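If you're matching them up, the sequences are chains A and B in order. Using our numbering, the first residue of the first sequence is number 1, and each one after it goes up by one. Using our numbering, the first residue of the second sequence is number 488, and each one after it goes up by one. Just so you know, even glycine gets a beta-carbon here, dropped at the ideal spot from N, CA and C. From a predicted model like this one, the values you see are computed outputs, not experimental measurements.
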Amino acid sequence: MSDELVVVGLSHHTAPVSLRERLSVPPDATEEQLRCVLDTRVLREGMLVSTCNRVEFYGAGPDAEAGLARLRKYLHERGHPEPVQGHLYERRGEDAVRHVFRVAASLDSMVVGEPQILGQVKHAYELAQDVGSIGTLLDRCLTRAFAVAKRVRSETEIAAGTVSVSSIACDLATKIFGDLSGRRTLLLGAGEMGEAAARALAGRGVHLVVINRSPEKAVRLARESNGEARGYEHLASELVSADVVISSTSAKNYVLTHDLMKDVVKARRQRPLFLIDIAVPRDVEPRVGELPSVFLYDVDDLSQVADQNLAHRQQEVEAAAAIVELEVAAFERWRRTLDLTPTIVALRGHFTNVMKEELARTLPRLGELGPTEQKSLDKMCQAMVNKLLHQPLTQLKEGVEGGNGAALLEATRRLFDLDELAHEAAPTPEVKPTAATSAAPEAEPSPEIPSESMGMPDGEAMTERPAAALGGLALGLSPTNLSGEPK
Amino acid sequence: MLLKLAFTITALAYASASFLYGVYLVRGSERAKQWGARALWASVVLHAGLFALELDQLQGLPAGDVHQAMAVTAMATCVVFLALSRKRPIAVLGAFLTPVVLLLFLGAGVGRDVPPVPSPVRTFLLPFHIGVNMLGLVAFAVAFAASVGYVVQERQLRSKRLGGIFRRLPPLDVLDQLAFRSVLTGFPLLTIGIVTGALFASRLGAMDGATSMAAVLSAISWVLFAGVLLLRVAAGWTGRRAAIGTILGFVSAVTVLLGYLLRGSVIS
């Protein structure tokens with residue numbers, strides 16, 4: 001039977017930050033930590049995801065229970081003296097695949113739909129690849145997870161709308177003006193939140209103008225953002241030429257009154273103006289928002305937008321989870337074919353060997369045969385093998401894809417004594433207990449079975465351990481007719 | 488019989504595209520967007536096939552009467568929109584544009600038994616007159632969709648209800664620029680169309696009530712679009728008022744066409 005995926009870890013759902021800090025692994029220590037847990041008899045593949053919100057080990061090995069125990073023990077030791085028990089979660093098989101897909105698609109994140117986690121998982125995957133601890137199963141699982149994340153982002157609105165005040169301000173400005181580069185942004189006052197919003201906008205290429213009661217602060221901020229500082233006397237003219245105004249003064253009364261802004265709007269000739277009032281108490285008289293072409297957002301409005309965006313993301317979770325389920329099912333179909341491949345290889349090898357032996361015994365009795373006759377005879381025998389195997393292999397494949405393959409595979413192996421034959425033909429080589437050799441990063445696409453015949457999603461080529469690891473039975477097999485299609 | 492069947496299938500294709508773009512606007516389904524574009528391309532191909540079937544009935548250009556002119560306008564609007572949406576994030580505007588296209592197409596199929604074109608206007612200028620009017624209408628249709636998008640988007644920004652429709656609609660500036668450029672393209676064509684139309688009217692002599700009404704509506708469209716352009720260029724107007732002016736101008740221009748259809752007359 002093929003290896004099984006396991007996941008053991010803790011996250012913001014299950015553990016406090018103090019414990020997550022204790023268990024987190026910096027990138028430069030990843031290799032060492034992976035080598036600690038990998039073991040050819042228990043965990044042949046491994047990968048470590050360590051972010052501020054989660055520490056998770058993904059592994060694959062022939063004995064899932066032992067693999068889980070090993071990872072559990074390792075995390076207990078790392079967490080010592082703080083007890084880890086009760087904070088860990090464990091997944092295996094299909095549940096582990098589902099977990100990896102959900103994590104990559106940001107369904108398990110603190111802020112659902114946040115984009116960073118995908119990059120973090122990709123980085124962890126690359127680190128594990130460098131270490132050589134990614135094999136067939138994890139490779140397939142992770143590459144599918146990245147595809148699932150992409151699909152979820154494109155087919156749902158899980159990542160739509162931002163949730164911080166600065167990024168909401170940027171998004172709204174973009175929705176009004178399109179490309180922000182070169183747009184004039186006036187920062188009035190230099191409160192902390194206003195400064196953050198101005199910096200975020202400056203990052204999108206706006207030209208920043210700062211007006212502040214303290215000129216030093218205005219000059220410093222303007223210099224940092226490649227902008228310019230202006231005196232308070234330029235307020236009216238700057239309001240006329242600005243596209244975005246961020247107001248965050250500590251004034252007790254309205255700074256931008258309705259009367260002032262009425263004149264400004266007139267002078268602007270209906271040009272849209274985005275007013276962001278982050279001050280408390282407010283700087284902009286609320287009635288200003290009723291003026292034509294003025295879009296006024298205060299702190300409450302921005303918070304409300306953040307809430308709407310979060311709520312919208314939550315609504316999309318269901319649709320995203322449905323996509324994950326479809327992909328998990330497709331992955332499981334593929335995984336089951338891993339159980340099938342060694343049996344097909346062995347069965348076909350057995351038939352081919354019998355055919356070759358009988359041919360070798362019969363040929364001398366037939367007297368002098370030319371190369372053409374010999375070739376024809378060889379072809380005829382091969383065709384017989386193909387025809388004889390076609391129906392059993394089709395049934396096996398369908399049984400495995402349908403989820404009832406275990407009994408069929410077992411019966412096939414016993415009927416033809418395939419395990420014994422495999423042992424005689426080529427004993428499985430001892431795998432060295434190092435991460436680099438225990439995994440199979442160099443695994444090549446199986447030459448024996450075309451991917452279409454295995455019903456794999458997206459028509460991707462199936463990867464498998466080299467033939468030697470399957471018992472060395474793939475002897476002289478045609479790359480195209482293993483499934484026994486009659487010619 | 489075959490023509491009727493082809494017309495029905497094409498109408499269904501336009502209706503499907505319209506429905507799918509509507510679903511994309513409201514629900515945000517990327518699949519609906521992709522299939523909407525495919526359905527619109529299919530509609531264009533089917534429509535071209537319909538033209539091929541009608542070839543023997545055409546009088547030279549496929550714009551011999553107001554019905555054919557409307558049908559060509561519907562098809563050309565789709566082609567222009569699909570081409571524009573390849574480079575700009577304006578696919579969602581299909582939700583506003585395709586119902587208009589469907590209306591034009593269905594209108595083109597109403598009352599096909601039109602009286603022959605009167606001989607005084609059957610000159611080389613006729614296809615030119617119809618051609619410029621058609622192209623002008625295509626430009627105004629795009630401007631109309633962009634302006635409706637602008638009004639909806641602006642309303643959402645003001646009401647601070649920033650749901651899915653808000654996210655899918657393009658930025659106000661993009662919509663404003665698209666509407667402006669489209670009106671700028673359509674206006675000279677409309678002007679030429681009105682001038683040549685006046686020429687034909689003078690040849691036909693006294694106008695009946697419906698023709699007079701069409702002339703008045705054409706003049707209103709022209710004044711509205713001229714006002715929008717003048718205020719934009721001279722007074723720097725952008726935004727909601729310009730968008731509403733554009734919408735009214737287009738509605739007025741389409742009313743002219745529908746007016747002709749209802750009275751069963753020829754050419755605009």
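Based on the DSSP output, what are the partners of residue i in its beta bridges?
{"i": "Ile246 of chain A", "result": "A:Leu187 and A:Ile276"}
{"i": "His373 of chain A", "result": "Going by the sequence as given, residue 373 of chain A is Glu instead of His. DSSP lists no partner for Glu373 of chain A."}
{"i": "Phe687 of chain B", "result": "Answer is none; Phe687 of chain B lacks a bridge partner."}
{"i": "Asp39 of chain A", "result": "A:Leu43"}
{"i": "Ala60 of chain A", "result": "A:Leu5 and A:Glu45"}
{"i": "Leu256 of chain A", "result": "A:Val284"}
{"i": "Arg655 of chain B", "result": "Looking at the DSSP assignment, Arg655 of chain B forms no beta bridge with any residue, so it has no partner."}
{"i": "Asp298 of chain A", "result": "A:Asp277"}
{"i": "Val55 of chain A", "result": "A:Leu10 and A:Ser50"}
So, helix, strand or coil for residue i, using DSSP?
{"i": "Ile117 of chain A", "result": "helix"}
{"i": "Thr283 of chain A", "result": "The question names Thr, but residue 283 of chain A is Asp in the sequence shown. Reduced to three states, the DSSP call for Asp283 of chain A is coil."}
{"i": "Leu107 of chain A", "result": "coil"}
{"i": "Gly93 of chain A", "result": "coil"}
{"i": "Phe177 of chain A", "result": "helix"}
{"i": "Val7 of chain A", "result": "strand"}
{"i": "Gly367 of chain A", "result": "coil"}
{"i": "Asp458 of chain A", "result": "Reliability fails at Asp458 of chain A, whose pLDDT of 36 lies under 50, so the model's placement of it is uncertain and no value is given."}
{"i": "Trp724 of chain B", "result": "coil"}
{"i": "Asp417 of chain A", "result": "coil"}
{"i": "Leu649 of chain B", "result": "coil"}
{"i": "Leu393 of chain A", "result": "helix"}
{"i": "Thr564 of chain B", "result": "helix"}
{"i": "Gln85 of chain A", "result": "coil"}
{"i": "Ser303 of chain A", "result": "helix"}
{"i": "Arg573 of chain B", "result": "helix"}
{"i": "Ile344 of chain A", "result": "helix"}
{"i": "Ile158 of chain A", "result": "coil"}
{"i": "Pro26 of chain A", "result": "coil"}
{"i": "Ile449 of chain A", "result": "Legend: pLDDT at Ile449 of chain A = 35, less than 50; position of this residue unreliable, value from coordinates given subsequently. Here Ile449 of chain A sits in coil by DSSP."}
Return the first residue and the last residue of the alpha helix (DSSP H) that residue i is part of.
{"i": "Leu48 of chain A", "result": "Where Leu48 of chain A is concerned, there is no enclosing alpha helix (DSSP H), although the beta strand (DSSP E) it sits in stretches over Glu45 to Ser50."}
{"i": "Phe583 of chain B", "result": "Gly581 to Ala595"}
{"i": "Val639 of chain B", "result": "Leu612 to Ser646"}
{"i": "Val17 of chain A", "result": "Val17 to Leu23"}
{"i": "Ile496 of chain B", "result": "Leu489 to Arg514"}
{"i": "Glu290 of chain A", "result": "Neither: Glu290 of chain A is in no alpha helix (DSSP H) and is coded neither H nor E."}
{"i": "Ser237 of chain A", "result": "Leu235 to Ser241"}
{"i": "Gln521 of chain B", "result": "Glu517 to Glu541"}
{"i": "Asp139 of chain A", "result": "Thr136 to Glu155"}
{"i": "Pro215 of chain A", "result": "Pro215 to Glu224"}
{"i": "Gly203 of chain A", "result": "Gly203 of chain A -> no alpha helix (DSSP H), and no H or E assigned at all."}
Taking the alpha carbon of residue i as the reference point, which residue from the options has its own alpha carbon closest?
{"i": "Ala685 of chain B", "options": "B:Leu613, B:Val531 and B:Val588", "result": "B:Leu613"}
{"i": "Gly523 of chain B", "options": "B:Leu540, B:Phe737, B:Leu499 and B:Pro658", "result": "B:Leu499"}
{"i": "Thr683 of chain B", "options": "B:Ala539, B:Gly714, B:Tyr508 and B:Asn620", "result": "B:Asn620"}
{"i": "Leu5 of chain A", "options": "A:Val97, A:Leu369, A:Ile117 and A:Asp130", "result": "A:Val97"}
{"i": "Ala267 of chain A", "options": "A:Ser237, A:Tyr254, A:Ser250 and A:Glu290", "result": "A:Ser237"}
{"i": "Phe494 of chain B", "options": "B:Ala529, B:Leu533 and B:Tyr511", "result": "B:Leu533"}
{"i": "Trp724 of chain B", "options": "A:Val265, A:Val345 and A:Ser167", "result": "A:Val265"}
{"i": "Arg230 of chain A", "options": "A:Met384, A:His207, A:Phe331 and A:Leu201", "result": "A:His207"}
{"i": "Ser133 of chain A", "options": "A:Gln304, A:Gly289 and A:Thr30", "result": "A:Thr30"}
{"i": "Val587 of chain B", "options": "B:Leu704, B:Gly680 and B:Ala504", "result": "B:Ala504"}
{"i": "Val661 of chain B", "options": "B:Ala730, B:Val559 and B:Leu744", "result": "B:Ala730"}
{"i": "Phe274 of chain A", "options": "A:Asp171, A:Ala104 and A:Gly367", "result": "A:Asp171"}
{"i": "Leu665 of chain B", "options": "B:Ile707, B:Phe653, B:Phe627 and B:Ile652", "result": "B:Phe627"}
Looking at the secondary structure, which residues open and close the beta strand (DSSP E) in which residue i lies?
{"i": "His207 of chain A", "result": "His207 to Ile211"}
{"i": "Ala229 of chain A", "result": "Glu228 to Arg230"}
Could you tell me whether any non-hydrogen atom of the ligand FMN is closer than 7 Å to the CB of residue i?
{"i": "Tyr254 of chain A", "result": "This structure lacks the ligand FMN; in fact it carries no ligand of any kind."}
Checking contacts by CB at 8 Å: is residue i closer than that to chain E?
{"i": "Lys647 of chain B", "result": "The chain inventory of the structure shown lacks chain E, comprising the protein chains A and B."}
How about the region 335 to 344 of chain A and the region 154 to 174 of chain A: do they share at least three Cβ pairs that are nearer than 8 Å? Counting Cβ pairs under 8 Å, fewer than three are found: no touch.
Requested in this report: Could you tell me whether the region 275 to 284 of chain A touches the region 217 to 224 of chain A, where touching means 3 or more Cβ pairs closer than 8 Å?
Outcome: Taking a cut-off of 8 Å for Cβ pairs, the region 275 to 284 of chain A and the region 217 to 224 of chain A do not touch, as fewer than three such pairs fall below it.
- Sufficient close CB pairs (3 or more, under 8 Å) joining the region 240 to 250 of chain A to the region 178 to 198 of chain A: Judged by Cβ distances under 8 Å, the region 240 to 250 of chain A makes contact with the region 178 to 198 of chain A, as three or more pairs qualify.
### Message
Under 8 Å, with one C-beta from each stretch per pair, do the region 639 to 653 of chain B and the region 295 to 308 of chain A reach the 3-pair mark?
### Response
Judged by Cβ distances under 8 Å, the region 639 to 653 of chain B makes contact with the region 295 to 308 of chain A, as three or more pairs qualify.
Would you call the region 10 to 21 of chain A and the region 65 to 84 of chain A touching, i.e. three or more CB-CB distances under 8 Å?
Flag = yes, the region 10 to 21 of chain A and the region 65 to 84 of chain A touch.
Below 8 Å, how does it come out for the region 66 to 74 of chain A and the region 112 to 128 of chain A: are there three or more Cβ pairs, yes or no?
Result no; under three Cβ-Cβ pairs closer than 8 Å.
query = Any chance the region 669 to 677 of chain B sits against the region 194 to 202 of chain A, with 3 or more Cβ pairs inside 8 Å?
reply = Judged by pairs of C-beta atoms under 8 Å, the region 669 to 677 of chain B does not touch the region 194 to 202 of chain A, as fewer than three such pairs exist.
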